[in-house]
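The structure appears right after this line, and notes come after that.
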Amino acid sequence: MPFIKIDDHEIEVDAGRRVLDIATELGIKIPHYCYHQALSSPANCRMCLVEQVGAPKLMPSCATRVFPAPPNRKTTIDGKEYDAVFYTASPVVKEAQESIMEFLLINHPLDCPWCDQAGECRLQDYSYEYGKGHSRYKEEKRTFPKKKLGPNVLLYTNRCIMCTRCIRFCEEITGTDELMVSERGGKAQIDIYSEDKPLDNPLATCVTDICPVGALVSQDFLYKPRVWNYTRKESVCGMCASNCNISVDTKQNLIYRIKPRENQQVNSFWMCDNGRLGYNRWQNDVDRLETPMVRRNGHLEPVSWEEAYDAIKNGLKSFRNTEIAGIASPYSTNEENYLFQKLMANAFKSDQISYATGATWEAWEAKKSPFKISEFKSPNYFGAKDVIGNRHKGEIIEKISKIQVKALYWVGGNLDQRLTDGERDALQKLQFLVVQDVWLSPITEYANVVLPATNYYEKEGTFTNASHILQWVHPVVNLMDDMKPEWLIFIELAKRLGGSLGYTDIKNVTRDMLANTPAYKHIKPADIGSQGIQTRR
Amino acid sequence: MATSVKVLKRPKLNLLEQTYLPQVMAGLVTTFKHVPQVKDTVSYPEEKWIPRDGYRGLHRLNKDEDGRIKCVACEMCSSACPAHCITIEAEVSPWEDREKIPKRYDIDLLRCIFCGMCEEACPEDAIELTEIYDFCGYIREDFIADKDTLLHIYDLTADGNYYRDLERSQKLFFTGHKGAEDREVSPEYTRNLLKW
Ligand code: SF4
Ligand code: SF4
Ligand code: SF4
Ligand code: SF4
Ligand code: FES
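From first to last, the protein sequence lines are chains F and E. So for the first sequence, our numbering puts the first residue at 2; every next one is plus one. So for the second sequence, our numbering puts the first residue at 7; every next one is plus one.
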């Protein structure tokens, strides 16, 4: 193993590693633009130059790898022999950094006041930390019009520093090859190969995350409030069963932007546009249910929680245990499904519980990386399967059709809920239906009592993804006034029905859910951590 | 702790001093010295004090040569504002030469401490504090100066000191000028007034 020295740190490292990576691990900051951990390193920005003792000129640390030196080529410093010695902040390095910054800014516009990258822009940060503070360039700057590369991505060529991260993303991650450099020299610019093939692959907006400057911006985030005004919260995406890790920027209880958060087991650095932009639908398009409702004279009328609980209690009184069934939701957390199961068992004395599949459509796989968008468009289909057991809702629908089951508690959550003709017939035959849903869906048409449900931006608990990785879900926005978290609904309802579940907060629910679910028996809540835990051994 | 007491003797006054006349005269000299001097007091509101340049009063949003709003909604001012009283929402600019302009630009004048940080932070010289000090309103909402109000203040102050034109400044400036005149005096409005 090569024994090297970087600044004051001496370290033995695996052969073939990049100096930039080693330095980052040691806590030494080397400024860089073109290098990204998940991509190849063309070493074209030259911002990461470091001094290597014995080398004729400065070396790009992103592309310089360390190897054991032959005995006659070792570097000796203060009587100690090293395979390589690097200095990251020596005067020559600093001078190089200043010059590179000046060079990159030659044609750079003074767009910061209206550039959406401002505040998280590497060019700004590095100008401040490594720049000269002034420019000697007096000539006219080159200008290009802005351009729409695809439905979600805009390019401001003026701000581009030609690091080619975006091109490499399309080549090395999605494998869709939409981007290229067109023209040469001062006219060089990022472009799509042809107008017929815009940048619209399912991961397209990820290029705006990796663009170190404000050249590529997300259409959705254009002109939104400044980045430093947000509260950033971490959670996982609920738009499909892949459960990409996300950080959500919120302001005054509204979501303004969702960005992927690194998790090498799950989503690497990426997320799909669907998940990134999905919050818009919840925030702007859907008429959310906010209060419980009870059907009186054929109409659903808003009532208080107490009244709704009483309506459920009275409505279910006349049925025998075998006539009551429940359908759990793949949109619920594992905790909610566990409590729902307990509610059915303790309060209704029924073990007829199953889960719905939720929406599904075609899966998508990146060609050049393991990133996959699951075909299950519910966040917790696999968790529901683990927690509820492998019982599908078809059985229950059949029993309803045969009038063996007369009362049903259906937990929804699906914004694309559709009913088959068979299901419609079955629901019509029901004598009592409780629906817990996020909107007035096709199922609530038949409901006697409707309870407002939460979405995955409001939930707290755990989801299990398509690769059976269990992860924490955190609420990123607060519930509207009259709403209650769904786990609390189950606890309160059980108490009202005289079968207390014995919980007051969600922490203990997670513990018991893990302990009582065969697939998760070996997991403790503390094991889950910020990166989740694989449940299959 | 021991306390030491100093006993003062009443001074003995001579005859002239006992008449108190020299002291009265000295006082009157001071008084009459001030009579011919320039008075600092103004009879507000018939007369108005004219602030010096650099006075930090009511804000305005500047316009460029073409009469377009200069602000580009960069939020530097609201970021710099220690009182957090500026609210900005951006929209796409209708003009070629800039990206965005404010759709909404509100300053809560009741929170503002007139520090001038916004003016200092602005990269476009778009926000400026004017010399207007006597603005008023009837309800709290009157003190939310919106984009149109701030642009209107620019028109009022663009051609020099607002108070030099006495006739104009005789009329008290209503921040909520747009609605102030024709607002109906409803029971609810009166109640609002009485609330504070
Ligand atoms: S890319 Fe960075 S430096 Fe360039 S205008 Fe945008 S924020 Fe400013
Ligand atoms: S658009 Fe951004 S990511 Fe692409 S080359 Fe330019 S600076 Fe790099
Ligand atoms: S004067 Fe000061 S307190 Fe008032 S808006 Fe400007 S920055 Fe804020
Ligand atoms: S007034 Fe100036 S600082 Fe404030 S948003 Fe407008 S341009 Fe930016
Ligand atoms: S990061 Fe090394 S040359 Fe760009």
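Yeah, the Cβ is synthetic: ideal placement off N, Cα and C, and Gly gets one too.
- DSSP places S248 of chain F within a strand segment (E or B) once states are collapsed to three.
- Following the DSSP letters along the chain, one finds R169 of chain F inside the alpha helix (DSSP H) bounded by residues 166 to 173.
- Within chain E, no residue has its beta carbon less than 9 Å from that of R137 of chain F; the closest one is some 22 Å off.
- In this structure, C77 of chain E sits near E130 of chain E, with a CB-CB distance shorter than 8 Å.
- Here Y410 of chain F really is in contact with G327 of chain F; their C-beta atoms are around 4 Å apart, less than 8 Å.
- In the DSSP assignment, the residues bridged to G462 of chain F are F:V474.
- Assignment of beta-bridge partners to Q535 of chain F by DSSP yields F:I470.
- Its Cα nearest to that of R512 of chain F, the residue F:D528 stands out among F:L498, F:G500, F:D528, F:L255.
- Using a C-beta cut-off of 8 Å, the region 152 to 172 of chain F makes contact with the region 192 to 206 of chain F, since at least three inter-stretch Cβ pairs fall below that distance.
- The region 227 to 235 of chain F makes contact with the region 117 to 132 of chain F: 3 or more CB pairs, one atom from each, lie closer than 8 Å.
- In this model, P443 of chain F and S219 of chain F are separated by some 34 Å (Cα to Cα).
- In this structure, ligand 1 has a non-hydrogen atom nearer than 7 Å to the beta-carbon of A119 of chain F.
- A Cβ-Cβ distance of about 4 Å is found for the pair G176 of chain F and K369 of chain F, placing them in contact under the 8 Å criterion.
- Taking 8 Å as the cut-off, the beta carbon of I490 of chain F is found closer than this to the beta carbon of L452 of chain F.
- Here N264 of chain F is bridged, per DSSP, to F:S269.
- DSSP places H135 of chain F outside both helix and strand once states are collapsed to three, so it counts as coil.
- Against chain F, the CB of A164 of chain E has no partner CB under 8 Å away; the residue lies outside that interface.
- In terms of beta-carbon proximity, P110 of chain F stays away from the interface with chain E, with every pair separated by 8 Å or more.
- Any Cβ of chain E closer than 8 Å to the Cβ of Y257 of chain F would place that residue at the interface, and such an atom is absent.
- Residue side-chain check: L156 of chain F places its Cβ nearer than 7 Å to a non-hydrogen atom of ligand 2.
- Annotated three-state conformation of F341 of chain F is helix, per DSSP.
- In this structure, F:I107 is the residue among F:K147, F:I107, F:P146, F:M163 with its C-alpha nearest to the C-alpha of Y138 of chain F.
- Counting only the Cα atoms, T334 of chain F lies some 12 Å from I389 of chain F.
- With contact defined as three or more Cβ pairs closer than 8 Å, the region 336 to 344 of chain F and the region 414 to 434 of chain F are not in contact.
- According to DSSP, I5 of chain F shares a beta bridge with F:I12, F:A85.
- In this structure, D210 of chain F has its beta carbon at no less than 7 Å from each heavy atom of ligand 1.
- Judged by the Cβ position, P88 of chain E qualifies as a neighbour of ligand 3 at the 7 Å threshold, a heavy atom of the ligand being closer than this.
- Every unbroken stretch of the beta strand (DSSP E) spanning 3 or more residues and falling wholly within the region 46 to 86 of chain F is given here in chain order: 50 to 53, 76 to 78, 81 to 83.
- The region 314 to 332 of chain F and the region 470 to 482 of chain F do not touch, with fewer than three beta-carbon pairs separated by less than 8 Å.
- In the DSSP assignment, I404 of chain F falls outside any alpha helix (DSSP H) and carries neither an H nor an E.
- Close CB contacts of Q437 of chain F within its chain, under the 6 Å cut and outside five residues either way in sequence, are with V412, L452, A454 (chain order).
- Against chain F, the CB of P129 of chain E has a partner CB under 8 Å away; the residue lies at that interface.
- Among the CB atoms of chain E, none fall inside 8 Å of the CB of P92 of chain F.
- Of the candidates F:S136, F:D288, F:I29, F:Q472, the residue whose Cα lies closest to the Cα of L515 of chain F is F:Q472.
- Note on S501 of chain F: under 16 other CB atoms within 10 angstroms of its CB, so exposed under the neighbour-count rule.
- Distances from the alpha-carbon of K95 of chain F to those of F:S468, F:V51, F:W440 put F:V51 closest.
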